[in-house]
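Just so it is clear: in the sequence shown, position 224 is 224 by the working numbering, and no numbers are missing.
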Amino acid sequence: AIPAKTFLYSPLRHRGPSRALPICTMSEEPGTEVKILAPSGHCLQTLQLPIQAPAAETMRTSLRAAGKEAKGIFVFTVGTTILEEEWPLEKLGITEGSSIEVTVLDSMRPCFEWAVYDASFGNEILDNGSTFQRGQVASHTDGVRTAVPLPRDTECYICFKGINTGTHASVGVGTSNCEVAERGYVHLYGQDENSWALCFGDSGEIVACHKGEVCVMQNSKGEQLEAPPRTNFPHMSHSHMSHSH
1 AIPAKTFLYS PLRHRGPSRA LPICTMSEEP GTEVKILAPS GHCLQTLQLP
51 IQAPAAETMR TSLRAAGKEA KGIFVFTVGT TILEEEWPLE KLGITEGSSI
101 EVTVLDSMRP CFEWAVYDAS FGNEILDNGS TFQRGQVASH TDGVRTAVPL
151 PRDTECYICF KGINTGTHAS VGVGTSNCEV AERGYVHLYG QDENSWALCF
201 GDSGEIVACH KGEVCVMQNS KGEQLEAPPR TNFPHMSHSH MSHSH
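Next up, the structure:
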């Protein structure tokens, strides 16, 4: 089982003028008036939304159109309740013609929750995305990645504690084009332009790879580290976190 690090909400970042005026978008269609508030209480937008349709993505799209960007992903709360992606407003007991206030948070947690994987071979995501459990299938390599990209300029710190990696394992960052499963024992990540990864296995040797080539490794001071001989990495493939036995 591979745990994923989780992060708490960070304050909403407003990239416009310091005293930006609220934006009002109204509709003649029936629904409810929704005031989107920043954590400070400042009204960012006022929308007219139907109570039967999912509201989160509509509000998220409206904020982006107004030039407001999230480092992670916009999450909305009504009181102390987080508005789930597929929830219509009526699920919260909101009636047509009423007026409500919704607080928007810039959440980085989805950037560190496992979400995309191949469920064909008994793999599971547990604990609300914090753990990826690989199925016990021989001659198969399985990986997992998050659904939301990391914020720009993110620095990643990776720590392993007593994980039985098997013969091939890799961990790193990549794009949404990364594969998450492959037959055989391979390093899923670091093979092509879609991912950068640390690859290792039973021998304990570690190499950094991108496009199937060994990359220069540096420490936190920018000093170059000598890469171990690449004797135990005969095959590289593509995938974020992979694990094979």
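Using N, Cα and C, we set each Cβ at its ideal position, and we do this for glycine too. Note that this is a predicted model, so its numbers are computed, not measured.
Lys-221 sits exposed, since fewer than 16 C-beta atoms from the chains shown fall within 10 Å of its C-beta. Looking at the DSSP output, Leu-225 shares a beta bridge with Met-217. Going by DSSP, Thr-58 is part of the alpha helix (DSSP H) stretching over 56-65.
From the listed residues Gly-174, Thr-46 and Ser-130, the smallest Cα separation to Pro-149 is found for Gly-174. Per DSSP, the continuous beta strand (DSSP E) segment holding Cys-209 begins and ends at 206-210. Residue burial annotation: Asn-123 is buried, with at least 16 other C-beta atoms found within 10 angstroms of its C-beta. His-168 is classed as buried because its beta carbon has at least 16 other beta carbons within 10 Å across all chains shown. Boundaries of the beta strand (DSSP E) around Leu-126: 124-126. Counting only the Cα atoms, Cys-178 lies some 6 angstroms from Asn-194. Counting only the Cα atoms, Ala-66 lies some 26 angstroms from Thr-80. For Val-75, the enclosing beta strand (DSSP E) has its first and last residue at 73-78. If you look at Cys-199, you'll find it in the beta strand (DSSP E) that goes 195-200. In chain order, Asp-106 place their CB closer than 7 angstroms to the CB of Ala-70, counting only its own chain and leaving out the 5 sequence neighbours on each side.
When the Cα atoms are used, Met-217 and Ile-206 turn out to be separated by approximately 10 angstroms. The residue among Arg-134, Pro-39 and Lys-35 with its C-alpha nearest the C-alpha of Leu-49 is Lys-35. Beta bridge pairing from DSSP links Lys-35 with Thr-46 and Glu-101. Contact between Phe-121 and Val-137 holds: their C-beta atoms lie close to 4 angstroms from each other, under 8 angstroms.
Looking from the CA of Thr-77, the closest CA among Leu-44, Thr-61 and Pro-39 belongs to Pro-39. Under the three-state reduction of DSSP, Glu-85 is assigned to coil, being neither helix nor strand. Judged by DSSP in its simplified three-state form, Ser-176 adopts coil rather than helix or strand. Around the Cβ of His-210, a 10 Å sphere holds 16 or more other Cβ atoms; the residue is buried.
Within the DSSP bridge table, the entry for Gln-133 names Glu-124 as partners.
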